[in-house]
Amino acid sequence: MKMAAVLERAKTMKWQELSGEERYRVVELVRKGEVSITELCQTFGVSRQTLYRALEAADQAAVEALGAQ
């Protein structure tokens with residue numbers, strides 16, 4: 002799903018309703034500097050803490066995915 006589509010879909014959905022892929026795309030938007038944390042908090046109706054936890058969870062998942070197999 003493209004970034005613009007995620008944001009468009011987000012206008013009618015809450016954070017809890019987004020799929021894992023959509024949440025990942027939101028995290029990518031923040032990392033690329035395309036959208037601010039504040040803007041996303043307002044869009045999804047969530048706290049900054051929730052989005053920072055999502056960023057942290059994405060980082061942890063990436064580390065685990067790259068770990069020894």
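First residue of the sequence shown: 2, per our numbering; consecutive thereafter. Beta carbons: idealized from backbone N, C-alpha and C, even for Gly. These figures come from a predicted structure and were not determined experimentally.
Rounded to the nearest angstrom, what separates residue i and residue j at their Cα positions?
i     : j     : result
ALA62 : GLY68 : 10 Å
MET14 : GLY21 : 14 Å
LEU30 : VAL36 : 6 Å
ALA66 : GLN17 : 24 Å
THR39 : GLU9  : 17 Å
GLU23 : ARG54 : 15 Å
LEU19 : ARG49 : 17 Å
TYR25 : ARG32 : 11 Å
GLY46 : VAL64 : 29 Å
Grab the span of the alpha helix (DSSP H) containing residue i for me, first residue to last.
i     : result
GLY34 : It is not in any alpha helix (DSSP H) - GLY34 carries neither H nor E in the DSSP assignment.
GLN50 : 49–66
Just confirm the distance between the C-beta atoms of residue i and residue j, as a whole number of angstroms; I'd bet it's less than 8 Å.
i     : j     : result
LEU52 : LEU41 : 6 Å
Would a C-beta distance cut-off of 8 Å place residue i and residue j closer than the cut-off?
i     : j     : result
ALA59 : VAL28 : yes
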